[in-house]
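Visitor: Note that UniProt numbering numbers the sequence shown so that position 75 is 75, with each residue one more than the last.
Just so it is clear, CB atoms sit at the ideal spot from N, CA and C, and this is done for glycine as well.
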Amino acid sequence: MRLEFEKVQKVGQGKSPDLLHFYDNEAQVISIEKGRLYGKATKTPLGTWSQRKFEQKVDISVDDDIKYFGINLLGGFGAVGAYKTGDIHKLLIYELEIDLSPYLENASIQYDINSPVSSFELSVENVKNPDPEKQGNVGISEHESYLTPGSRINFSFKMGDSDFYDLGRFYIDRSNYRLLDHAAACNGRNLMGKALKDQSFDENTVLSYKYIHEHIKDILILAGVSPYNIVVQASNVKAGYEFDPNMDYLSGIKDILKSEDNWKIEELVDGRLVAGNNSYGAFDTRSIYQFQRGSEVFSRSIVRDDMDSYRRVCVHNGGFDIQIYKDVKVYQGWNLRGNKTLYVTIPEGTTKDDAQNYADNIAKQLEYVGKVETFTGPFRPYLLIGDEAVIIDEKDADNLGLITQIRHRFGKGGFSTEFTVDSGGQIGQGRLTDYISKITQHKSSSRIYDED
1 MRLEFEKVQK
11 VGQGKSPDLL
21 HFYDNEAQVI
31 SIEKGRLYGK
41 ATKTPLGTWS
51 QRKFEQKVDI
61 SVDDDIKYFG
71 INLLGGFGAV
81 GAYKTGDIHK
91 LLIYELEIDL
101 SPYLENASIQ
111 YDINSPVSSF
121 ELSVENVKNP
131 DPEKQGNVGI
141 SEHESYLTPG
151 SRINFSFKMG
161 DSDFYDLGRF
171 YIDRSNYRLL
181 DHAAACNGRN
191 LMGKALKDQS
201 FDENTVLSYK
211 YIHEHIKDIL
221 ILAGVSPYNI
231 VVQASNVKAG
241 YEFDPNMDYL
251 SGIKDILKSE
261 DNWKIEELVD
271 GRLVAGNNSY
281 GAFDTRSIYQ
291 FQRGSEVFSR
301 SIVRDDMDSY
311 RRVCVHNGGF
321 DIQIYKDVKV
331 YQGWNLRGNK
341 TLYVTIPEGT
351 TKDDAQNYAD
361 NIAKQLEYVG
371 KVETFTGPFR
381 PYLLIGDEAV
391 IIDEKDADNL
401 GLITQIRHRF
411 GKGGFSTEFT
421 VDSGGQIGQG
431 RLTDYISKIT
441 QHKSSSRIYD
451 ED
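#1: Would you tell me roughly how many angstroms separate the C-alpha atoms of F22 and L3, rounded to the nearest one?
#2: Using beta-carbon positions only, say whether S118 and Q110 come within less than 8 Å of one another.
#3: Using three-state DSSP, classify Q28 as helix, strand or coil.
#4: Whole angstroms are fine: how far does the CA of V127 sit from the CA of I216?
#5: In whole angstroms, what is the alpha-carbon distance linking S151 and R293?
#6: For V29, which option in I153, S295, L19 and F5 has the closest C-alpha, if you only look at C-alpha atoms?
#7: State the DSSP-derived secondary structure class of D452, mapped to helix, strand or coil.
#8: Relative to the C-alpha of D63, which candidate in K7, I32 and I322 has its C-alpha closest?
#9: Leaving out the 5 sequence neighbours to the left and right, which residues in its chain are closer than 7 Å to G168 when beta-carbon positions are compared?
#10: Using the C-alpha atoms, what's the distance from E373 back to S287?
#11: Find the nearest neighbour of I93 within the set I71, I221, I212 and V225, judged by alpha-carbon distance.
#12: My guess is that T205 and E260 are in contact by the Cβ rule of under 8 Å, so how many angstroms apart are they, rounded?
#13: Per the contact definition of three or more C-beta pairs closer than 8 Å, is the segment 220-230 in contact with the segment 182-189?
#14: Between which two residues does the alpha helix (DSSP H) containing D360 stretch?
#15: Keeping to the same chain, check which residues put their C-beta closer than 6 Å to that of T420; ignore five residues upstream and five downstream.
#16: What is the DSSP secondary structure of N190, counted as helix, strand or coil?
#17: Among all the DSSP beta bridges, which residues are the ones paired with E125?
#18: My guess is that A363 and K326 are in contact by the Cβ rule of under 8 Å, so how many angstroms apart are they, rounded?
#19: From the DSSP secondary-structure annotation, give me the bridge partner or partners of I212.
#20: With distance defined between alpha-carbon atoms, name the residue in G12, F298, N262 and D387 nearest to P378.
#21: State the Cα-Cα distance for the pair G409 and K7, rounded to the nearest angstrom.
#22: Per DSSP, what kind of secondary structure is P245 in: helix, strand or coil?
#23: Where do the N-terminal and C-terminal ends of the beta strand (DSSP E) with F155 fall, by residue?
#24: With a Cβ-Cβ cutoff of 8 Å, do I140 and Y177 count as a contact?
#25: Consult DSSP for R413 and reduce its assignment to one of helix, strand or coil.
#26: Within its chain, find whatever has a CB closer than 6 Å to the CB of K67; leave out the 5 residues flanking it on each side and keep chain order.
#27: Give the range of the beta strand (DSSP E) segment to which R293 is assigned.
#28: Is the beta carbon of N277 less than 8 Å from the beta carbon of Q233?
#29: Name the two residues that bound the continuous beta strand (DSSP E) containing K60.
#30: Considering residue 455, what are the terminal residues of the beta strand (DSSP E) in which it resides?
#31: Can the beta-carbon of L196 be found less than 8 Å from the beta-carbon of D248?
#32: Look at the Cβ atom of G318, then the Cβ atom of N106, and state whether they are nearer than 8 Å.
#33: Identify whether G12 lies in helix, strand or coil by the three-state DSSP scheme.
#34: How would you label Q135, buried or exposed, when you count the other beta carbons within 10 angstroms and need 16 or more for buried?
#35: Under the rule that 16 or more other beta-carbon atoms within 10 Å means buried, what is G14, buried or exposed?
#36: On the DSSP letters alone, give me the boundaries of the beta strand (DSSP E) that R312 sits inside.
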């Protein structure tokens, strides 16, 4: 028996080719080339396959040396498949992504320098679902829902024919539906909040002696983070730890990060979790941006507070055998008392030269502490926490400080970005509080043994 195909079209070359055809008539051809998976997509309006135009092929591999690939649709969910790489057989699960862009009412995303956990709020038109396999409405119905707790929301932005710009990946904490209401709403957090902040060590409290970057990877995998979304800088530091059972994973990782200078963990907008030194190349590069006051950005609030402003700084050890004083310049017109002094205790063993250097740096940063200003302006999805803002007005340029909070708003209510700038920070150095924490930092209290 021989099958005679009505239409034959050459799409490309590769081994183990397979096709996915979705309910919205998008088709994806996937095959193996030189041990890696590649995919091409096309639209098939009304099921017409004749001379389809396929997009450029895309490398979709997370492995090399792939063999024996196969995949099939799973109705109403996505697709399942498998392949072999080396001596490992891997199961593939592809969740169908539903585009809710046409139903967007309003949304917002918020980031804060004080926490790696970011959050979102979203409302969509809750119209009847066009998918024939689904009953009820697009967002939430009485019996079925896309916006269920735990579901992932991907935010991306484009203008005209531009490429998509990722705004982040988030997971729903709570959804809200009212019968006969035209809209449905939900809110949630990023992976750092959902996987790391919500889960605890429980019985797995003891971490044996090994490199700390291995500990961080192990905790992330234990939390359910895909190994392909984990990027951790190698460290030469080895240690073991014992955590309390009720300590959350994020707090445990932060404890481990104390073993290295200037280490942090951060979630990128593509969903990867990165841990390492502030200068580690896998982190997004921070930038300096200039804004024209009154035209590009508009001030919404200004807070001037001398509580954290000082006239002098003293860096000292516990017994005051070392004590270095340094005067601080303050804002013109601020009448601070002459002996309002910030005392910073440094660990034992710190040299006098290092203490002098710390005092000089702290005094320099204290010159600008005390002013926090919030701005609003056009939509700027590229802004990052830790960027530096330079505000230009009619008189001069004002190096205001670090961006510490960002809130993007988009939807039918318009597109805008609101950000807060703290005068007590500089790009590459962070805020004054971050700098002081760094020089006074002690090892983790959970660290149980070191190398002999």
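Guide: Quick look at the numbers:
#1: 24 Å
#2: yes
#3: strand
#4: 44 Å
#5: 40 Å
#6: L19
#7: With a pLDDT of only 45 at D452, under the threshold of 50, the placement of this residue in the model should not be trusted; the figure read from the coordinates follows. Reduced to three states, the DSSP call for D452 is coil.
#8: Among K7, I32 and I322, the Cα nearest to that of D63 belongs to I32.
#9: I109, S118, F155, N190 and V269
#10: 19 Å
#11: I71
#12: In fact, because the Cβ distance is near 22 Å, the residues do not count as touching under 8 Å.
#13: no
#14: That run of the alpha helix (DSSP H) goes K352 to L366.
#15: T374, T404 and Q405
#16: strand
#17: Its beta-bridge partners are A183.
#18: 4 Å
#19: Under DSSP, I212 forms no beta bridge with any residue.
#20: F298
#21: Residue identity check: residue 409 is Arg in the sequence provided, not Gly. For R409 and K7, the distance between alpha carbons rounds to 47 Å.
#22: The answer is coil: DSSP assigns P245 none of H, G, I, E or B.
#23: R152 to F157
#24: Yes; because the gap between Cβ atoms is below 8 Å, this pair is in contact.
#25: Reading the sequence as shown, one finds Gly at residue 413 and not Arg. G413 falls in the coil class under three-state DSSP.
#26: K84
#27: For R293, no beta strand (DSSP E) encloses it, and the DSSP letter there is neither H nor E.
#28: yes
#29: The sequence shown places Ile at residue 60, rather than the Lys named in the question. Careful: I60 lies outside any beta strand (DSSP E) and carries neither H nor E.
#30: With the chain represented from 1 up to 452, any question about residue 455 goes unanswered, as that position is not in the structure.
#31: yes
#32: no
#33: Coil, per DSSP.
#34: exposed
#35: buried
#36: R312 to H316
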